[in-house]
Amino acid sequence: MIYKNDEKKKILVVEDAQSLRKDILEMLSFEGFEVIGAENGKEGVEQAYKQLPNLIICDIMMPVMDGFQVLHELRKNPVMATVPFIFLTARTDRVDHRKGMNLGANDYLTKPFTVSELLATVHARLAQEAEWVSTTENRLDELRGNIIRSLPHELRTPLNVILGFSDLLIADCHSMDASRIEDMARHINDAGMRLYQLVENFLIYANLELAKADERRLDTLQNGYLANPAETVRTAARIKVHQLKRSDDLEMAVEDVAAVGVVEEYLKKIVEELVDNACKFSEEGHKVHVKAAAVDGRYVLAVRDEGRGMTPEQIRNVGAYMQFDRQLYEQQGNGLGLVISRRLAELHGGELVIESVLEQGTIVTVTLPIREKVTSAATPSQNGLS
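Its first residue numbered -17, the sequence shown is counted upward by one per residue in the numbering used here.
Below you can see the structure in the form of C-alpha coordinates.
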(Lines of atoms letter the chains of each structure in order from A and count residues from 1; the text may use other names and numbers.)
(Lines give C-alpha, C1' and ligand atoms only; values in the text may rest on other atoms or scores of the structure.)
Protein backbone atom coordinates (compact mmCIF):
# COMPACT_ATOMS: atom_id res chain seq x y z
CA MET A 1 0.00 0.00 0.00
CA ILE A 2 1.22 3.52 -0.83
CA TYR A 3 0.65 6.27 1.68
CA LYS A 4 0.71 9.99 0.99
CA ASN A 5 4.17 10.05 2.47
CA ASP A 6 5.95 7.24 0.58
CA GLU A 7 8.99 6.89 2.83
CA LYS A 8 9.58 3.39 4.15
CA LYS A 9 7.58 3.00 7.34
CA LYS A 10 9.34 1.83 10.49
CA ILE A 11 7.53 -0.56 12.84
CA LEU A 12 8.59 -1.54 16.36
CA VAL A 13 7.45 -4.97 17.62
CA VAL A 14 7.60 -5.47 21.40
CA GLU A 15 6.97 -9.15 22.21
CA ASP A 16 8.65 -11.40 24.79
CA ALA A 17 7.91 -14.66 22.93
CA GLN A 18 10.91 -14.98 20.63
CA SER A 19 9.28 -17.19 17.99
CA LEU A 20 6.21 -14.96 17.64
CA ARG A 21 8.34 -11.81 17.56
CA LYS A 22 10.50 -13.35 14.81
CA ASP A 23 7.41 -14.35 12.78
CA ILE A 24 5.85 -10.88 13.01
CA LEU A 25 9.11 -9.17 12.05
CA GLU A 26 9.48 -11.45 9.02
CA MET A 27 5.87 -10.84 7.89
CA LEU A 28 6.27 -7.09 8.12
CA SER A 29 9.71 -7.09 6.52
CA PHE A 30 8.37 -9.13 3.58
CA GLU A 31 5.60 -6.51 3.21
CA GLY A 32 8.26 -3.83 2.76
CA PHE A 33 8.42 -2.30 6.25
CA GLU A 34 11.58 -1.47 8.18
CA VAL A 35 11.32 -3.47 11.42
CA ILE A 36 12.78 -3.32 14.93
CA GLY A 37 12.26 -5.93 17.64
CA ALA A 38 12.30 -5.68 21.43
CA GLU A 39 12.00 -8.61 23.84
CA ASN A 40 10.42 -6.76 26.80
CA GLY A 41 8.68 -3.51 27.67
CA LYS A 42 11.73 -1.71 29.01
CA GLU A 43 13.70 -2.41 25.85
CA GLY A 44 10.65 -1.45 23.80
CA VAL A 45 10.50 2.02 25.39
CA GLU A 46 14.22 2.51 24.83
CA GLN A 47 13.96 1.47 21.17
CA ALA A 48 10.92 3.69 20.64
CA TYR A 49 12.82 6.79 21.74
CA LYS A 50 15.93 5.74 19.84
CA GLN A 51 14.30 4.67 16.55
CA LEU A 52 11.14 6.87 16.51
CA PRO A 53 8.95 4.28 14.73
CA ASN A 54 5.87 5.11 12.66
CA LEU A 55 3.85 2.38 14.42
CA ILE A 56 4.26 0.15 17.49
CA ILE A 57 2.95 -3.38 18.00
CA CYS A 58 3.16 -4.45 21.63
CA ASP A 59 2.23 -7.49 23.70
CA ILE A 60 0.41 -6.86 26.99
CA MET A 61 1.69 -9.60 29.31
CA MET A 62 5.49 -9.21 29.47
CA PRO A 63 8.24 -9.28 32.11
CA VAL A 64 10.07 -6.16 33.32
CA MET A 65 7.38 -3.80 32.01
CA ASP A 66 3.96 -4.83 30.70
CA GLY A 67 2.25 -3.39 27.64
CA PHE A 68 0.05 -0.99 29.62
CA GLN A 69 3.14 0.47 31.30
CA VAL A 70 4.87 0.82 27.92
CA LEU A 71 1.92 2.71 26.48
CA HIS A 72 1.55 4.93 29.55
CA GLU A 73 5.26 5.80 29.46
CA LEU A 74 5.27 6.63 25.74
CA ARG A 75 2.07 8.70 25.80
CA LYS A 76 3.61 11.02 28.41
CA ASN A 77 6.13 12.23 25.84
CA PRO A 78 4.86 14.59 23.11
CA VAL A 79 7.21 12.97 20.58
CA MET A 80 5.49 9.59 20.99
CA ALA A 81 2.02 10.76 21.99
CA THR A 82 0.42 10.26 18.56
CA VAL A 83 2.32 7.22 17.22
CA PRO A 84 -0.21 4.48 16.33
CA PHE A 85 -0.10 1.73 18.98
CA ILE A 86 -1.51 -1.80 18.50
CA PHE A 87 -1.80 -4.23 21.41
CA LEU A 88 -1.26 -7.98 21.02
CA THR A 89 -3.20 -10.04 23.53
CA ALA A 90 -4.36 -13.59 24.12
CA ARG A 91 -7.12 -12.23 26.34
CA THR A 92 -10.52 -11.04 25.18
CA ASP A 93 -11.41 -9.27 28.44
CA ARG A 94 -13.36 -6.09 27.57
CA VAL A 95 -12.01 -4.40 30.72
CA ASP A 96 -8.44 -4.84 29.42
CA HIS A 97 -9.50 -3.46 26.04
CA ARG A 98 -11.11 -0.43 27.64
CA LYS A 99 -8.05 0.16 29.85
CA GLY A 100 -5.80 0.13 26.78
CA MET A 101 -8.05 2.49 24.85
CA ASN A 102 -8.20 4.88 27.81
CA LEU A 103 -4.40 4.96 27.86
CA GLY A 104 -4.33 5.80 24.15
CA ALA A 105 -4.10 2.49 22.28
CA ASN A 106 -5.39 2.56 18.70
CA ASP A 107 -6.24 -1.09 18.13
CA TYR A 108 -6.04 -4.70 19.38
CA LEU A 109 -5.00 -7.95 17.71
CA THR A 110 -6.13 -11.08 19.54
CA LYS A 111 -3.80 -14.09 19.38
CA PRO A 112 -3.77 -16.22 17.34
CA PHE A 113 -4.12 -14.00 14.28
CA THR A 114 -3.50 -14.55 10.59
CA VAL A 115 -1.00 -12.78 8.36
CA SER A 116 -3.85 -11.01 6.57
CA GLU A 117 -5.34 -9.81 9.88
CA LEU A 118 -1.96 -8.44 10.98
CA LEU A 119 -1.29 -6.65 7.71
CA ALA A 120 -4.83 -5.29 7.42
CA THR A 121 -4.62 -3.80 10.90
CA VAL A 122 -1.17 -2.28 10.29
CA HIS A 123 -2.16 -0.78 6.91
CA ALA A 124 -5.43 0.59 8.33
CA ARG A 125 -3.66 2.35 11.19
CA LEU A 126 -0.90 3.76 9.00
CA ALA A 127 -3.44 5.01 6.46
CA GLN A 128 -5.43 6.66 9.25
CA GLU A 129 -2.23 8.27 10.55
CA ALA A 130 -1.35 9.53 7.05
CA GLU A 131 -4.82 11.06 6.72
CA TRP A 132 -4.48 12.72 10.14
CA VAL A 133 -1.06 14.15 9.21
CA SER A 134 -2.44 15.50 5.93
CA THR A 135 -5.42 17.11 7.68
CA THR A 136 -3.16 18.61 10.35
CA GLU A 137 -0.76 20.01 7.76
CA ASN A 138 -3.64 21.58 5.82
CA ARG A 139 -4.96 23.14 9.01
CA LEU A 140 -1.49 24.41 9.88
CA ASP A 141 -1.18 25.98 6.44
CA GLU A 142 -4.52 27.71 6.95
CA LEU A 143 -3.49 28.96 10.40
CA ARG A 144 -0.14 30.19 9.07
CA GLY A 145 -1.95 32.14 6.37
CA ASN A 146 -4.36 33.65 8.89
CA ILE A 147 -1.55 34.64 11.23
CA ILE A 148 0.55 36.10 8.40
CA ARG A 149 -2.41 38.29 7.40
CA SER A 150 -3.26 39.40 10.95
CA LEU A 151 -0.05 39.50 12.94
CA PRO A 152 1.74 42.37 11.15
CA HIS A 153 -1.13 44.74 11.92
CA GLU A 154 -1.18 43.69 15.58
CA LEU A 155 2.58 43.94 15.98
CA ARG A 156 2.76 47.47 14.65
CA THR A 157 1.48 49.40 17.68
CA PRO A 158 3.73 47.89 20.40
CA LEU A 159 6.70 47.84 18.04
CA ASN A 160 6.23 51.53 17.26
CA VAL A 161 6.28 52.28 20.99
CA ILE A 162 9.43 50.22 21.54
CA LEU A 163 11.26 51.66 18.56
CA GLY A 164 10.10 55.24 19.18
CA PHE A 165 11.13 55.44 22.83
CA SER A 166 14.36 53.49 22.31
CA ASP A 167 15.33 55.89 19.50
CA LEU A 168 14.76 58.82 21.86
CA LEU A 169 16.87 57.18 24.55
CA ILE A 170 19.72 56.51 22.15
CA ALA A 171 19.66 60.07 20.83
CA ASP A 172 19.10 62.07 24.02
CA CYS A 173 19.79 59.86 27.07
CA HIS A 174 22.78 61.98 28.14
CA SER A 175 20.61 65.08 28.44
CA MET A 176 17.66 63.39 30.16
CA ASP A 177 17.14 63.18 33.90
CA ALA A 178 16.67 59.80 35.60
CA SER A 179 12.90 60.12 35.98
CA ARG A 180 12.44 60.79 32.26
CA ILE A 181 14.58 57.77 31.37
CA GLU A 182 12.65 55.61 33.84
CA ASP A 183 9.34 56.73 32.34
CA MET A 184 10.47 55.81 28.83
CA ALA A 185 11.81 52.47 30.03
CA ARG A 186 8.41 51.69 31.54
CA HIS A 187 6.68 52.48 28.24
CA ILE A 188 9.10 50.14 26.45
CA ASN A 189 8.54 47.42 29.03
CA ASP A 190 4.74 47.74 28.80
CA ALA A 191 4.87 47.53 25.01
CA GLY A 192 7.18 44.51 25.22
CA MET A 193 4.76 42.76 27.56
CA ARG A 194 1.89 43.52 25.20
CA LEU A 195 3.90 42.10 22.31
CA TYR A 196 4.78 38.98 24.30
CA GLN A 197 1.14 38.41 25.27
CA LEU A 198 0.01 38.90 21.68
CA VAL A 199 2.44 36.33 20.27
CA GLU A 200 1.64 33.91 23.10
CA ASN A 201 -2.08 34.23 22.39
CA PHE A 202 -1.62 33.58 18.69
CA LEU A 203 0.37 30.42 19.46
CA ILE A 204 -2.18 29.21 22.00
CA TYR A 205 -5.02 29.85 19.59
CA ALA A 206 -3.23 27.92 16.82
CA ASN A 207 -2.74 24.94 19.15
CA LEU A 208 -6.38 25.00 20.22
CA GLU A 209 -7.61 25.11 16.64
CA LEU A 210 -5.48 22.07 15.84
CA ALA A 211 -6.76 20.25 18.92
CA LYS A 212 -10.36 20.89 17.90
CA ALA A 213 -9.95 18.63 14.86
CA ASP A 214 -7.80 15.98 16.55
CA GLU A 215 -9.52 13.32 18.66
CA ARG A 216 -6.28 12.29 20.34
CA ARG A 217 -5.45 15.82 21.46
CA LEU A 218 -9.05 16.31 22.56
CA ASP A 219 -8.94 13.16 24.68
CA THR A 220 -5.72 14.33 26.33
CA LEU A 221 -7.19 17.78 26.92
CA GLN A 222 -10.49 16.53 28.33
CA ASN A 223 -8.85 14.03 30.69
CA GLY A 224 -6.96 16.85 32.43
CA TYR A 225 -8.00 18.19 35.82
CA LEU A 226 -6.96 20.54 38.60
CA ALA A 227 -7.58 19.69 42.24
CA ASN A 228 -8.68 22.53 44.55
CA PRO A 229 -8.70 25.29 41.91
CA ALA A 230 -9.57 28.23 44.20
CA GLU A 231 -5.99 29.29 44.88
CA THR A 232 -5.14 29.19 41.17
CA VAL A 233 -8.07 31.52 40.45
CA ARG A 234 -7.15 33.93 43.26
CA THR A 235 -3.45 34.03 42.33
CA ALA A 236 -4.06 34.54 38.60
CA ALA A 237 -6.52 37.37 39.27
CA ARG A 238 -4.19 39.13 41.72
CA ILE A 239 -1.21 38.93 39.35
CA LYS A 240 -3.20 40.29 36.42
CA VAL A 241 -4.64 43.32 38.29
CA HIS A 242 -1.17 44.03 39.69
CA GLN A 243 0.25 44.07 36.15
CA LEU A 244 -2.50 46.48 35.09
CA LYS A 245 -2.07 48.66 38.21
CA ARG A 246 -5.64 47.91 39.34
CA SER A 247 -4.99 45.93 42.54
CA ASP A 248 -7.24 48.17 44.65
CA ASP A 249 -10.19 47.50 42.31
CA LEU A 250 -10.23 43.71 42.71
CA GLU A 251 -12.96 42.03 44.75
CA MET A 252 -13.10 38.22 45.01
CA ALA A 253 -15.51 35.62 46.32
CA VAL A 254 -13.93 32.33 45.27
CA GLU A 255 -15.15 29.00 46.64
CA ASP A 256 -13.29 25.73 46.19
CA VAL A 257 -14.30 22.37 44.71
CA ALA A 258 -12.57 18.98 44.80
CA ALA A 259 -11.39 19.18 41.20
CA VAL A 260 -12.30 21.01 38.01
CA GLY A 261 -11.99 19.47 34.55
CA VAL A 262 -9.18 21.67 33.20
CA VAL A 263 -5.44 21.75 33.84
CA GLU A 264 -3.94 24.59 35.88
CA GLU A 265 -2.23 26.24 32.88
CA TYR A 266 -5.53 26.73 31.08
CA LEU A 267 -7.59 27.76 34.09
CA LYS A 268 -4.98 30.46 34.79
CA LYS A 269 -5.22 31.58 31.18
CA ILE A 270 -9.00 31.87 31.36
CA VAL A 271 -8.86 33.91 34.58
CA GLU A 272 -6.11 36.19 33.23
CA GLU A 273 -8.00 36.96 30.04
CA LEU A 274 -11.35 37.54 31.75
CA VAL A 275 -9.77 39.90 34.30
CA ASP A 276 -7.75 41.61 31.55
CA ASN A 277 -10.93 42.20 29.56
CA ALA A 278 -12.75 43.57 32.62
CA CYS A 279 -9.95 46.03 33.34
CA LYS A 280 -9.75 47.21 29.73
CA PHE A 281 -13.49 47.88 29.59
CA SER A 282 -13.57 49.79 32.88
CA GLU A 283 -11.78 52.77 34.38
CA GLU A 284 -9.44 52.77 37.35
CA GLY A 285 -11.43 53.11 40.58
CA HIS A 286 -14.29 50.92 39.33
CA LYS A 287 -14.46 47.46 40.86
CA VAL A 288 -13.65 44.20 39.08
CA HIS A 289 -15.52 41.32 40.72
CA VAL A 290 -14.27 37.72 40.45
CA LYS A 291 -16.55 34.95 41.68
CA ALA A 292 -16.21 31.16 41.44
CA ALA A 293 -18.36 28.41 42.92
CA ALA A 294 -20.07 25.10 42.22
CA VAL A 295 -23.54 25.68 40.75
CA ASP A 296 -25.79 22.78 39.72
CA GLY A 297 -22.88 20.39 39.38
CA ARG A 298 -20.73 22.75 37.30
CA TYR A 299 -17.82 25.03 38.19
CA VAL A 300 -18.91 28.59 37.41
CA LEU A 301 -16.34 31.36 37.11
CA ALA A 302 -17.72 34.87 36.58
CA VAL A 303 -15.86 38.16 36.15
CA ARG A 304 -17.89 41.39 36.27
CA ASP A 305 -16.75 44.94 35.64
CA GLU A 306 -18.48 48.30 36.18
CA GLY A 307 -17.30 49.82 32.95
CA ARG A 308 -18.69 51.08 29.69
CA GLY A 309 -19.93 47.68 28.52
CA MET A 310 -19.47 45.90 25.22
CA THR A 311 -21.52 46.57 22.12
CA PRO A 312 -23.49 43.71 20.50
CA GLU A 313 -20.99 43.84 17.63
CA GLN A 314 -18.05 43.37 19.99
CA ILE A 315 -19.78 40.40 21.62
CA ARG A 316 -20.49 38.88 18.19
CA ASN A 317 -16.83 39.24 17.27
CA VAL A 318 -15.88 37.09 20.25
CA GLY A 319 -18.22 34.43 18.89
CA ALA A 320 -16.68 34.74 15.43
CA TYR A 321 -13.37 33.23 16.48
CA MET A 322 -12.63 31.95 12.99
CA GLN A 323 -12.32 35.52 11.67
CA PHE A 324 -8.66 36.49 11.69
CA ASP A 325 -9.17 39.98 10.33
CA ARG A 326 -8.70 43.59 11.29
CA GLN A 327 -12.30 44.02 12.30
CA LEU A 328 -11.77 41.58 15.16
CA TYR A 329 -8.49 43.02 16.37
CA GLU A 330 -9.05 46.75 16.14
CA GLN A 331 -11.49 46.73 19.04
CA GLN A 332 -10.20 47.66 22.50
CA GLY A 333 -8.17 44.81 23.92
CA ASN A 334 -8.21 43.14 20.45
CA GLY A 335 -10.60 40.39 21.64
CA LEU A 336 -8.32 37.40 21.13
CA GLY A 337 -8.09 36.72 24.87
CA LEU A 338 -11.85 36.16 25.12
CA VAL A 339 -11.73 34.09 21.94
CA ILE A 340 -9.14 31.81 23.56
CA SER A 341 -11.15 31.62 26.80
CA ARG A 342 -14.26 30.59 24.89
CA ARG A 343 -12.38 27.96 22.91
CA LEU A 344 -10.76 26.57 26.10
CA ALA A 345 -14.14 26.34 27.81
CA GLU A 346 -15.74 24.59 24.83
CA LEU A 347 -12.90 22.11 24.36
CA HIS A 348 -13.22 21.14 28.03
CA GLY A 349 -16.98 20.58 27.80
CA GLY A 350 -17.98 24.01 29.08
CA GLU A 351 -19.06 27.36 27.68
CA LEU A 352 -18.42 31.10 27.85
CA VAL A 353 -21.31 33.56 27.99
CA ILE A 354 -21.08 37.36 27.77
CA GLU A 355 -23.79 39.64 29.17
CA SER A 356 -23.32 43.38 28.86
CA VAL A 357 -25.22 46.62 29.25
CA LEU A 358 -23.70 49.78 27.80
CA GLU A 359 -22.50 52.24 30.44
CA GLN A 360 -23.24 49.72 33.21
CA GLY A 361 -20.76 46.91 32.75
CA THR A 362 -20.11 43.39 31.51
CA ILE A 363 -20.27 39.92 33.06
CA VAL A 364 -18.28 37.13 31.41
CA THR A 365 -19.18 33.69 32.77
CA VAL A 366 -17.28 30.46 32.11
CA THR A 367 -18.67 27.08 33.16
CA LEU A 368 -16.49 23.97 33.38
CA PRO A 369 -17.13 20.37 34.45
CA ILE A 370 -16.46 19.38 38.05
CA ARG A 371 -14.50 16.21 38.77
CA GLU A 372 -15.83 14.58 41.91
CA LYS A 373 -13.33 11.75 41.69
CA VAL A 374 -9.92 12.02 40.08
CA THR A 375 -8.72 8.91 38.25
CA SER A 376 -5.12 7.79 38.05
CA ALA A 377 -5.27 7.76 34.26
CA ALA A 378 -4.92 11.54 34.13
CA THR A 379 -2.56 13.73 36.04
CA PRO A 380 -2.30 17.50 36.06
CA SER A 381 1.23 17.53 34.69
CA GLN A 382 0.50 15.20 31.79
CA ASN A 383 -2.57 16.64 30.18
CA GLY A 384 -1.77 20.13 29.07
CA LEU A 385 -1.71 21.09 25.37
CA SER A 386 1.72 21.86 24.13
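Ideal Cβ placement from N, Cα and C applies to all residues, glycine included.
Which residue or residues does DSSP assign as beta-bridge partners of I(-7)? Here residue -7 corresponds to residue number 11 of the sequence shown, with the count starting at 1. Bridge partners of I(-7): V17 and L37.
Quick one: give me the first and last residue of the alpha helix (DSSP H) that Q213 is part of. Within the sequence shown, residue 213 is the residue found at index 231, counting from 1. Per the sequence shown, residue 213 should be read as Glu rather than Gln. Taken as a continuous stretch (DSSP letters only), the alpha helix (DSSP H) holding E213 covers A212 to Q225.
Is the CB-CB distance between L190 and N259 below 7 Å? As a working mapping, residue 190 is identified with position 208 in the sequence shown. As a working mapping, residue 259 is identified with position 277 in the sequence shown. No, Cβ-Cβ distance for L190 and N259 is not below 7 Å.
Would you report the Cα separation of I6 and V253, rounded to the nearest angstrom? Sequence index remark: in the sequence shown, residue 6 carries index 24 (1-based). Sequence index remark: in the sequence shown, residue 253 carries index 271 (1-based). Using only the alpha carbons, I get a separation of about 52 Å.
Boundaries (first-last residue) of the alpha helix (DSSP H) holding K250: Your numbering for residue 250 matches position 268 in the sequence shown. E246 to K262 is the extent of the alpha helix (DSSP H) around K250.
Endpoints, the beta strand (DSSP E) within which E191 is located: Along the sequence shown, one-based indexing puts residue 191 at 209. Element bounds for E191: not the beta strand (DSSP E) but the alpha helix (DSSP H), A160 to K194.
Taking just the CA atoms, how far does L145 sit from K269? To locate residue 269, count along the sequence shown from 1; it is residue 287. To locate residue 145, count along the sequence shown from 1; it is residue 163. Going from the Cα of K269 to the Cα of L145 covers about 34 Å.
Buried or exposed (CB count within 10 angstroms, at least 16 for buried), L340: Here residue 340 refers to the residue found at position 358 of the sequence shown. By the 10 Å Cβ count, L340 comes out exposed.
Which one or two residues does DSSP pair with G343 in a beta bridge? For the purposes of this step, residue 343 is identified with residue 361 of the sequence shown, where counting begins at 1. V339, per the DSSP bridge assignment.
Residues that DSSP places opposite I297 in a beta bridge: Within the sequence shown, the letter at position 315 stands for residue 297. For I297, which the question treats as bridged, DSSP gives no partner whatsoever.
Can you round the beta-carbon distance between E385 and D(-2) to whole angstroms, since I take them to be within the 8 Å contact cut? The requested residue 385 is not part of the displayed model; the chain covers only -17 to 368.
Residue range of the unbroken alpha helix (DSSP H) whose run includes F12: Along the sequence shown, one-based indexing puts residue 12 at 30. Counting along the chain, the alpha helix (DSSP H) containing F12 begins and ends at Q0 to F12.
Just to confirm the assignment, what range does the beta strand (DSSP E) spanning A276 have? In the sequence shown, residue 276 corresponds to position 294, counting from 1. Counting along the chain, the beta strand (DSSP E) containing A276 begins and ends at V270 to V277.
Is it buried or exposed for E111, if we count other Cβ within 10 angstroms and need 16 for buried? For the purposes of this step, residue 111 is taken as residue 129 along the sequence shown, with counting starting at 1. Answer is buried; the Cβ neighbour count reaches 16.
Which value, in whole angstroms, describes the spacing of the CA atoms of Q0 and K194? Residue 0 sits at position 18 when you count from the first residue of the sequence shown. Residue 194 sits at position 212 when you count from the first residue of the sequence shown. Their backbone Cα atoms lie some 42 Å apart in a straight line.
Given 8 Å as the limit, is there contact between the region 161 to 181 and the region 233 to 252, that is, 3 or more CB pairs closer than that? no
Taking the alpha-carbon positions, what's the F263 to D154 distance? As a position in the sequence shown, residue 263 is number 281, starting the count at 1. As a position in the sequence shown, residue 154 is number 172, starting the count at 1. About 36 Å.
Contacting residues, own chain, Cβ-Cβ under 8 Å from K227 (five flanking each side not counted): The sequence position of residue 227 within the sequence shown is 245, counting from 1. Cβ neighbours of K227 beyond the five flanking positions: E266.
In whole angstroms, what separates the C-alpha of R325 from that of A274? If you number the sequence shown from 1, residue 325 lands on position 343. If you number the sequence shown from 1, residue 274 lands on position 292. Computed Cα separation, rounded: 19 Å.
So, for M62: in the same chain, excluding its five sequence neighbours on each side, which residues have a beta-carbon less than 7 Å away from its beta-carbon? By 1-based counting over the sequence shown, the position of residue 62 is 80. Around M62: A30 and L56.
If you draw a straight line from the alpha carbon of N142 to that of N120, how long is it in whole angstroms? To locate residue 142, count along the sequence shown from 1; it is residue 160. To locate residue 120, count along the sequence shown from 1; it is residue 138. Approximately 34 Å, taken between the alpha carbons.
Rounded to whole angstroms, how far is the Cβ of K(-9) from the Cβ of L91, which I believe are closer than 8 Å? Within the sequence shown, residue -9 is the residue found at index 9, counting from 1. Within the sequence shown, residue 91 is the residue found at index 109, counting from 1. 17 Å between Cβ atoms; not a contact.
From V(-4) to E182, what distance separates their C-alpha atoms? Locating residue -4 in the sequence shown gives position 14, counting from the first residue. Locating residue 182 in the sequence shown gives position 200, counting from the first residue. V(-4) and E182: Cα-Cα distance of roughly 40 Å.
V335 versus L192: straight-line alpha-carbon distance, rounded: Taking the sequence shown and counting its residues from 1, the one referred to as residue 335 is at position 353. Taking the sequence shown and counting its residues from 1, the one referred to as residue 192 is at position 210. Rounded to the nearest angstrom, the two C-alpha atoms are 23 Å apart.
May I have the straight-line CA-CA distance separating M89 from I68, to the nearest angstrom? Your numbering for residue 89 matches position 107 in the sequence shown. Your numbering for residue 68 matches position 86 in the sequence shown. A quick correction: the sequence has Asp, not Met, at residue 89. So the alpha carbons of these two residues sit roughly 5 Å apart.
Can you say whether R199 is buried or exposed, counting buried as having 16 or more other CB atoms within 10 angstroms of its CB? The count along the sequence shown starts at 1 and reaches residue 199 at position 217. Buried: at least 16 other Cβ atoms inside 10 Å.
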